[in-house]
Amino acid sequence: MYRTLSLAALAVLTVVSCGGDDSSAPDRADLPPPPSPVVPAQPPEFWSTPATTEEQRAMVAQATRQVDVCALLPRDVLDELDHVHSVTVGLDSCRAILDTDQPGQGTTLTWHSTLLDSLGSSGRGTTKQFGDASVRLVPDRDAGEPRSCGATARFPSGAAFYLGLSTPPGQNPCDVADGLMPGMLDRWRESPPQGTSPDTVSTVLLGADPCEVRERLEGTAETGEQRLTTCLFTYRGERVTVSYEYRVPDYLGARGTEERIDDHPVYRSVSIYDSRIPMFTTAVGPELPADSTQFGTRIPVVEVVSVTDDVGRDVLGQVLTLFPQG
1 MYRTLSLAAL AVLTVVSCGG DDSSAPDRAD LPPPPSPVVP AQPPEFWSTP
51 ATTEEQRAMV AQATRQVDVC ALLPRDVLDE LDHVHSVTVG LDSCRAILDT
101 DQPGQGTTLT WHSTLLDSLG SSGRGTTKQF GDASVRLVPD RDAGEPRSCG
151 ATARFPSGAA FYLGLSTPPG QNPCDVADGL MPGMLDRWRE SPPQGTSPDT
201 VSTVLLGADP CEVRERLEGT AETGEQRLTT CLFTYRGERV TVSYEYRVPD
251 YLGARGTEER IDDHPVYRSV SIYDSRIPMF TTAVGPELPA DSTQFGTRIP
301 VVEVVSVTDD VGRDVLGQVL TLFPQG
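The following block contains the structure:
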């Protein structure tokens, strides 16, 4: 099932609808289209094939980045639960508030994609099977009706997603999550590409691989840790972390000193845990629309953490070549 994909062979996917009423979503017509997928959409059986090598795990991670997580719960499905008050996004997450945003009175759903070696079975909660996918439902309390519930779904490939759900009194959030799981699993197997959901906001980081920079650095090595928005590797004898995320713009340089890499503004700061560890942070795109993210506007950001300044600047300089318009 796993195939080595050359860049020349990568297909451009046609964006298909996963249901929902686009008219209920915010108008994002002025935004650029989502970036072209870096790997083709995978057939359903791809997610059923265990990844046993680093190369296969990397392929699962890259395919997972291409899945539009917001499309797992389209607007028409949310409308069946209650009136949609708002839907906001993160880089690999989506959040919906139904009925009202008053604490304890409405329903809030937050879901995101991830990678898991195993689902785990310790502590409270129950595990169920939906075909070859495993789902673990964990209520927020051992006794009595829960107010919130976490549902984690994992495919044999290691791709996974999490749904956190809170409901007003009188509704069992684990029952609601349990009812949503079959549809979410089916939509995942369809591999809806980024941009399928009208709520998804196009940015240069959407679906991007934080490990891509390694192709521009000589002598990097794996650390055996696969993540979606963070890449960990060794380079020039140092452990390096490259992270892609959305951040509050005002926080970008709050703790840092501005400098330039290839005439691009970069902020150097240090870890709050160890002042000897340098961190280099920079914006790589414009701010997301104010109504698209929870708790205020966000901006696409790249951060590089290394042992020395020289290595950090070297790596970030190469990352910036991946985003020439940033």
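The opening residue of the sequence shown carries number 1 in full-length UniProt numbering; numbering runs sequentially from there.
Where is the CB? At the ideal position from N, CA and C, for every residue including glycine.
Starting from residue i and walking both ways along the alpha helix (DSSP H), at which residues does that stretch end?
{"i": "Arg-57", "result": "54-65"}
{"i": "Pro-44", "result": "Unbroken run through Pro-44: none, as it is neither H nor E."}
{"i": "Leu-320", "result": "309-320"}
{"i": "Arg-75", "result": "75-81"}
Secondary structure at residue i, three-state DSSP: helix, strand or coil?
{"i": "residue 329", "result": "Because the chain is modelled from 1 through 326, residue 329 falls outside the range shown and cannot be assessed."}
{"i": "Val-302", "result": "strand"}
{"i": "Glu-190", "result": "coil"}
{"i": "Val-213", "result": "helix"}
{"i": "Glu-218", "result": "coil"}
{"i": "Ser-292", "result": "helix"}
{"i": "Val-69", "result": "helix"}
{"i": "Ala-51", "result": "coil"}
{"i": "Leu-98", "result": "strand"}
{"i": "Ala-177", "result": "helix"}
In whole angstroms, give me the CA-to-CA distance for residue i and residue j.
{"i": "Val-301", "j": "Gly-144", "result": "43 Å"}
{"i": "Leu-78", "j": "Pro-173", "result": "14 Å"}
{"i": "Asp-291", "j": "Gly-237", "result": "43 Å"}
{"i": "Cys-70", "j": "Asp-263", "result": "36 Å"}
{"i": "Ala-51", "j": "Val-213", "result": "23 Å"}
{"i": "Leu-184", "j": "Ser-191", "result": "One point to set straight first is that residue 184 is Met, not Leu, in the sequence displayed. Straight-line Cα distance between these residues: approximately 11 Å."}
{"i": "His-83", "j": "Leu-165", "result": "16 Å"}
{"i": "Arg-247", "j": "Phe-280", "result": "14 Å"}
{"i": "Thr-297", "j": "Leu-137", "result": "32 Å"}
{"i": "Gly-131", "j": "Arg-187", "result": "14 Å"}
{"i": "Phe-323", "j": "Gly-123", "result": "44 Å"}
Would you decide whether residue i is buried or exposed? Buried here means 16 or more other CB atoms lie within 10 Å of its CB.
{"i": "Ile-272", "result": "exposed"}
{"i": "residue 329", "result": "A question about residue 329 goes unanswered here, because the residues of the chain that appear run from 1 up to 326."}
{"i": "Thr-293", "result": "buried"}
{"i": "Thr-152", "result": "buried"}
{"i": "Glu-215", "result": "exposed"}
{"i": "Gln-318", "result": "buried"}
{"i": "Tyr-267", "result": "buried"}
{"i": "Arg-154", "result": "buried"}
{"i": "Glu-55", "result": "exposed"}
Could you tell me the boundaries of the beta strand (DSSP E) in which residue i lies?
{"i": "Gly-150", "result": "148-154"}
{"i": "Arg-276", "result": "Premise fails: Arg-276 is in no beta strand (DSSP E) and is neither H nor E."}
{"i": "Ala-133", "result": "133-139"}
{"i": "Phe-130", "result": "126-130"}
{"i": "residue 354", "result": "The chain is shown from 1 up to 326; residue 354 falls before or after that span and cannot be answered."}
{"i": "Arg-227", "result": "Premise fails: Arg-227 is in no beta strand (DSSP E) and is neither H nor E."}
{"i": "Glu-258", "result": "257-261"}
Across which residues does DSSP place residue i in a beta bridge pair?
{"i": "His-112", "result": "Ser-93 and Tyr-162"}
{"i": "Leu-232", "result": "Thr-241"}
{"i": "Phe-280", "result": "Arg-268 and Val-304"}
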